[in-house]
Amino acid sequence: MAGKNEEVLVEAFMTKRSQNKRTFTHTNWKERWFVLSPKNLIYYDGDKQSGRRKERGRVELIRVVAVESVDTAVFQRDFVFQLCYLSEDDDQYVLYIAAPTAQDREQWLDYIRKLVADNDCLSDKYHQGAFIKSQWSCCKGGKNTIACTDVTWTINHNNNPPGHPTPSPTPPNGLPSDMNPAPKIVVALYDYNATERGDLSLRKNEEFEVLEQDQEHWWKMRNRQTGMEGFAPSNYVRELGTPDIQQYDWYLGDATRQRAEVFLMQQEREGCFVVRNSTTNSGVYTLSVYTKQSHPQVKHYHIKKDPEGNYYLSQNIKCKTIPELIYRHQHNPGGICARLRPPTLGRTAPATAGLSHDKWEIDPSELNLLEELGSGQFGVVRHGKLKSLDVAVKMMKEGTMSEDEFIEEAKVMTKLRHGNLVQLYGVCSRQRPIYIVTEYLRYGSLLQYLRNKERILLNNTDVLLDMCLQVCSGMAYLEKQKFIHRDLAARNCLVGAHNEIKVGDFGLARYVVDDEYTGSGGAKFPIKWAAPEVLNFMRFSSKSDVWAFGVLMWEVFTCGKMPYGRMKNAEVVDMVQHGRVLEKPRFCPSDVYNVMQQCWNANAENRPSFNEILRMFQDE
Ligand code: X9S
267 MAGKNEEVLV
277 EAFMTKRSQN
287 KRTFTHTNWK
297 ERWFVLSPKN
307 LIYYDGDKQS
317 GRRKERGRVE
327 LIRVVAVESV
337 DTAVFQRDFV
347 FQLCYLSEDD
357 DQYVLYIAAP
367 TAQDREQWLD
377 YIRKLVADND
387 CLSDKYHQGA
397 FIKSQWSCCK
407 GGKNTIACTD
417 VTWTINHNNN
427 PPGHPTPSPT
437 PPNGLPSDMN
447 PAPKIVVALY
457 DYNATERGDL
467 SLRKNEEFEV
477 LEQDQEHWWK
487 MRNRQTGMEG
497 FAPSNYVREL
507 GTPDIQQYDW
517 YLGDATRQRA
527 EVFLMQQERE
537 GCFVVRNSTT
547 NSGVYTLSVY
557 TKQSHPQVKH
567 YHIKKDPEGN
577 YYLSQNIKCK
587 TIPELIYRHQ
597 HNPGGICARL
607 RPPTLGRTAP
617 ATAGLSHDKW
627 EIDPSELNLL
637 EELGSGQFGV
647 VRHGKLKSLD
657 VAVKMMKEGT
667 MSEDEFIEEA
677 KVMTKLRHGN
687 LVQLYGVCSR
697 QRPIYIVTEY
707 LRYGSLLQYL
717 RNKERILLNN
727 TDVLLDMCLQ
737 VCSGMAYLEK
747 QKFIHRDLAA
757 RNCLVGAHNE
767 IKVGDFGLAR
777 YVVDDEYTGS
787 GGAKFPIKWA
797 APEVLNFMRF
807 SSKSDVWAFG
817 VLMWEVFTCG
827 KMPYGRMKNA
837 EVVDMVQHGR
847 VLEKPRFCPS
857 DVYNVMQQCW
867 NANAENRPSF
877 NEILRMFQDE
């Protein structure tokens, strides 16, 4: 038997159903602190931190016969799983445990299965239901009726005979690992509906084995339940078994402080929270919480780590993982401003890189064209539907673009993927006019949006700064990919749901055939956004994009004023050549204006990179 100091693999609060070993006890559910060690699953009342934990029971893992999920309907409780095990006198018992989330359940199932995979007593059948009112709810059999349902987790475990599954991959630290290279198992974070032959649909929480990872954005996978194979977007899955907070709707990843504030202020719920990465310190997380105490505001807390590696917000609650810490603070404010409540708005699934694993050519007959959105350098842009997906379709007026060069480049551009870039889905290039098909954003251009909402936005500097930083994030990605926009301006950015800003039409300027647009003396050349080296030598770079970004920040903080007012192009060039720049907008904080001024450094090399600008605002 394991002592108190045995190795802890995972531990967490979960609820456990009373086992009714004696017939006269009534059934109820109790919260217990579960600890999984290499040999036992032990449950306590109280937890390690409270100092008064008392063991309430344990299951020796060597005696486990089956580990399976339980259907919600059986107990009218979510995320229940069962551990069937043999008692000392070889009687079979079932322990029913409810995990806090579907993801937690999966993780516990996965860990336990790895530890019991070599048990001689493993069964290839189990009861999917529960023993309620003297019979099994699944097969209506009596106490000793043989289990009726096939176990689920031997499927695709190579060709092992039933009852002797191979241990699944990615064992937690300290567990025996397989000698063969372990297959990578992933879990779907979002639903994905395959539209093309060779692609595979995903349902949230389903498990897949990764078969090929040759393409960065599209992996070939096999559904572990159905055995179906195909390509699916790699950003829609996370690896199973690795401690991963990506799976939680409250995790906002690299969102900035401003983004978190805008998101939480919209929700207006006491205790509503998100967790995000600190960009100043990698591996460090920040909790942002909405509270109405004194006035509606968002408070930010650093999630700290003690020398033993426990996460904590206040000294009295310390946990091994962030999800556990969040779970504890959902039940008890424990020193922070409010009891935590997860956001109700679910995360929206991100755009995929292109529509399919090898499809950038779109069949125009699949497009249903709707209303006109405007007309630009290349002609008319229309809203459309590609099956059920909203898209924007640029119908390229003939003679306005170097088409062949663009079509070659489009293959590369479909692979650029970032939450703050308008996704290029593909092209219809076998017809004239050619179509460029992109993601659709429902609120249209940022410039128009700023102008329409001036009254609400003008002194809301948090929202305005958030907009700038979103653009900056998209541009930092382009900069990293060594991709130059060449026409960054508020008119070329778009607004989606929840103040989401995306940079559009990156790189298209190179393919414009129009002297008025391409030459710095032309009437359509974006002089007011152009850096001195662009005006003088047409020298474009990420640093000339940074200059344009400074002008875009100015547009944002004036809610869409025209830079340099009515000044003529020649006057603007003269002004810029003499080192004079735009003035500070009225409601613009001086630290924000200071960044604009850095973007307008006459020497391109001395301008900050987009990544550096992001970091300037990531104070916590
Ligand atoms: C979009 C993109 C470009 C567009 C795309 C996606 C869009 C949208 C709306 C909505 C409502 C172009 N390259 C360039 C100069 C950089 C080289 C337009 C363009 C055009 C629309 N620019 C180019 O093609 N989602 N959603 N538009 C949109 C607009 N209004 N609204 C939903 O390519 N330029 C260079 C249009 C309308 C009702 O009121 C609420 C907003 C410019 C024209």
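Take any residue in the sequence shown, note its place counting from 1, add 266, and you have its number in my numbering.
A virtual CB, placed ideally from N, CA and C, is assigned to each residue, including glycine.
Here the structure is a predicted model, which is why all the values come from computation and not from measurement.
| query | According to DSSP, is Asn867 helix, strand or coil? | reply | Taking the first residue of the sequence shown as 1, we reach residue 867 at position 601. The three-state secondary structure of Asn867, taken from DSSP, is coil.
| request: Return the chain-ordered list of same chain residues with a C-beta closer than 8 Å to the C-beta of Leu530, the five sequence neighbours on each side being excluded. | output: Working through the sequence shown from its first residue, we reach residue 530 at position 264. Within the same chain, Leu530 has close Cβ partners Cys538, Phe539, Val540, Ser554, Val555, Tyr556, Val564 and Pro609.
| Delimiting residues of the alpha helix (DSSP H) encompassing Phe806 | The sequence position of residue 806 within the sequence shown is 540, counting from 1. First-last for Phe806: undefined, no H or E at that position.
| Taking 8 Å as the cut-off, is the CB of Asn758 close to at least one heavy atom of ligand 1? | Here the question's residue 758 lines up with position 492 in the sequence shown. Of the heavy atoms belonging to ligand 1, at least one sits nearer than 8 Å to the Cβ of Asn758.
| Roughly how many whole angstroms lie between the Cα atoms of Val839 and Tyr777? | Translated into the one-based positions of the sequence shown, residue 839 becomes position 573. Translated into the one-based positions of the sequence shown, residue 777 becomes position 511. Distance between the alpha carbons of Val839 and Tyr777 is about 25 Å.
| Pick from Asp670, Cys414 and Phe474: whose alpha carbon is nearest that of Gln697? | Along the sequence shown, one-based indexing puts residue 697 at 431. Considering only alpha carbons, the answer is Asp670.
| Check: Ala894 C-beta below 8 Å from any heavy atom of ligand 1 | Summary: the structure shown does not reach residue 894, with the chain confined to residues 267 through 886, and so no result is reported for it.
| message | For a test of the three-state rule: what should DSSP assign to Met833, helix, strand or coil? | response | Counted from its first residue, the sequence shown places residue 833 at position 567. The answer is coil: DSSP assigns Met833 none of H, G, I, E or B.
| In this structure, does DSSP put Lys584 in helix, strand or coil? | Position 318 of the sequence shown, counting from 1, holds the residue named residue 584. Assignment of Lys584 by DSSP, reduced to helix, strand and coil, places it in the strand class.
| query | DSSP on Gly840, reduced to helix/strand/coil? | reply | As a first step, residue 840 must be located in the sequence shown, where it is residue number 574. The displayed chain sequence assigns Asp, not Gly, to residue 840. Helix at Asp840.
| request: Go ahead and label Ser631 buried or exposed: buried means 16 or more other beta carbons lie within 10 angstroms of its beta carbon, across all protein chains shown. | output: Stepping through the sequence shown from its first residue, residue 631 is reached at position 365. The residue in question, Ser631, is exposed, as its Cβ has fewer than 16 Cβ neighbours within 10 Å.
| Val812 vs Ala796 beta-carbon contact at 9 Å | Counted from its first residue, the sequence shown places residue 812 at position 546. Counted from its first residue, the sequence shown places residue 796 at position 530. Contact: no.
| field | Distance between Ala526 and Gln532 (C-alpha atoms, nearest Å) | value | Here residue 532 corresponds to residue number 266 of the sequence shown, with the count starting at 1. Here residue 526 corresponds to residue number 260 of the sequence shown, with the count starting at 1. So the two alpha carbons sit approximately 10 Å from each other.
| Between Leu723 and Cys759, is the Cβ-Cβ spacing less than 9 Å? | Here residue 723 is taken as the residue at index 457 of the sequence shown, counted from 1. Here residue 759 is taken as the residue at index 493 of the sequence shown, counted from 1. No. Outside cutoff.
| query | In the structure shown, what three-state DSSP assignment does Thr415 receive? | reply | Counting from one through the sequence shown, the residue named residue 415 turns up at place 149. Here DSSP, grouped into helix, strand and coil, assigns Thr415 to strand.
| message | Mapping the DSSP letters down to three states, classify Cys759 as helix, strand or coil. | response | As a first step, residue 759 is located in the sequence shown; it is residue number 493 there, counting from the start. DSSP places Cys759 in strand when its eight states are reduced to three.
| field | 7 Å CB neighbourhood of Ile879 in its chain, flanking five on each side removed | value | Translated into the one-based positions of the sequence shown, residue 879 becomes position 613. Result list for Ile879: Cys738 and Val861, in chain order.
| request: Can you tell me which of the three DSSP states Ser622 falls into? | output: For this step, residue 622 is matched to residue 356 along the sequence shown. In the displayed model, Ser622 falls within a strand according to three-state DSSP.
| message | Checking 9 Å against the spacing of the C-beta atoms, do Tyr362 and Val346 come in under that value? | response | Indexing the sequence shown from 1 puts residue 362 at position 96. Indexing the sequence shown from 1 puts residue 346 at position 80. Yes, the pair counts as a contact, with Cβ atoms nearer than the cut-off.
| query | Closest by CA to Leu302, which one among Asn501, Phe853 and Arg324? | reply | Residue mapping note: residue 302 aligns to position 36 of the sequence shown, counting from 1. Leu302 has its Cα closest to that of Arg324, out of Asn501, Phe853 and Arg324.
| field | Inter-residue CB distance, Ile750 and Ser807 (contact presumed, cutoff 8 Å) | value | Counted from its first residue, the sequence shown places residue 750 at position 484. Counted from its first residue, the sequence shown places residue 807 at position 541. Confirmed, about 6 Å.
| Do Val737 and ligand 1 come close, with the Cβ less than 8 Å from some heavy atom? | Position 471 of the sequence shown holds residue 737. Result no, Cβ not under 8 Å from ligand 1.
| query | What first and last residue would you give for the beta strand (DSSP E) that runs through Met661? | reply | On the sequence shown, position 395 is the one that residue 661 refers to. Judged by DSSP secondary structure, Met661 falls within the beta strand (DSSP E) whose first and last residues are Leu655 to Met661.
| said: Which complete alpha helix (DSSP H) runs does the region 679-743 hold, if anything under 4 residues is left out? | reply: Whole alpha helix (DSSP H) segments, 4+ residues: 712-718 and 720-723.
| field | Beta-carbon gap between Thr891 and Gly620 smaller than 9 Å | value | There is simply no residue 891 to check, as the chain begins at 267 and stops at 886 in what is shown.
| Contact between the region 731-747 and the region 647-655: three or more CB pairs below 8 Å? | No contact exists between the region 731-747 and the region 647-655.
| field | Presumed contact (8 Å Cβ cut-off) between Pro499 and Tyr458, rounded CB distance | value | Working through the sequence shown from its first residue, we reach residue 499 at position 233. Working through the sequence shown from its first residue, we reach residue 458 at position 192. Confirmed, Cβ separation roughly 6 Å.
| said: Applying the 10 Å Cβ sphere with the 16-neighbour rule, what's the burial state of Gly493? | reply: For the purposes of this step, residue 493 is taken as residue 227 along the sequence shown, with counting starting at 1. It is exposed - the Cβ of Gly493 has fewer than 16 other Cβ atoms within 10 Å.
| field | C-beta atoms of Leu633 and Ala658 nearer than 9 Å | value | Here residue 633 refers to the residue found at position 367 of the sequence shown. Here residue 658 refers to the residue found at position 392 of the sequence shown. No; because the gap between Cβ atoms is not below 9 Å, this pair is not in contact.
| said: If you reduce the DSSP assignment to three classes, tell me which class Leu375 lands in. | reply: Within the sequence shown, numbered from 1, the residue matching residue 375 stands at position 109. In the structure shown, Leu375 sits in a helix (DSSP, three-state: H, G or I).
| task | Since I believe Asn686 is in contact with Val729 (beta carbons under 8 Å), could you give me their beta-carbon distance rounded to a whole number of angstroms? | result | The residue labelled residue 729 in the question sits at position 463 within the sequence shown. The residue labelled residue 686 in the question sits at position 420 within the sequence shown. Not confirmed; about 15 Å, so no contact.
| request: Could you check what DSSP says for Pro368 in three-state terms: helix, strand or coil? | output: What you label residue 368 is simply residue 102 of the sequence shown in a count that begins at 1. It should be noted that the sequence gives Ala, not Pro, for residue 368. Correct three-state label for Ala368: helix.
| task | Can you say whether Gln643 is buried or exposed, counting buried as having 16 or more other CB atoms within 10 angstroms of its CB? | result | Position 377 of the sequence shown, counting from 1, holds the residue named residue 643. Burial call: buried.
| request: Mark Pro792 as exposed unless 16 or more other C-beta atoms lie within 10 angstroms of its C-beta, in which case mark it buried. | output: Taking the first residue of the sequence shown as 1, we reach residue 792 at position 526. Burial state of Pro792 is buried, judged by a 10 Å Cβ sphere holding 16 or more other Cβ atoms.
| DSSP three-state call for Gly600: helix, strand or coil? | For the purposes of this step, residue 600 is taken as the residue at position 334 of the sequence shown. Here DSSP, grouped into helix, strand and coil, assigns Gly600 to coil.
| query | Taking Cβ positions, are Leu848 and Trp820 nearer each other than 9 Å? | reply | The count along the sequence shown starts at 1 and reaches residue 848 at position 582. The count along the sequence shown starts at 1 and reaches residue 820 at position 554. Contact annotation: Leu848 and Trp820 have beta-carbon atoms nearer than 9 Å.
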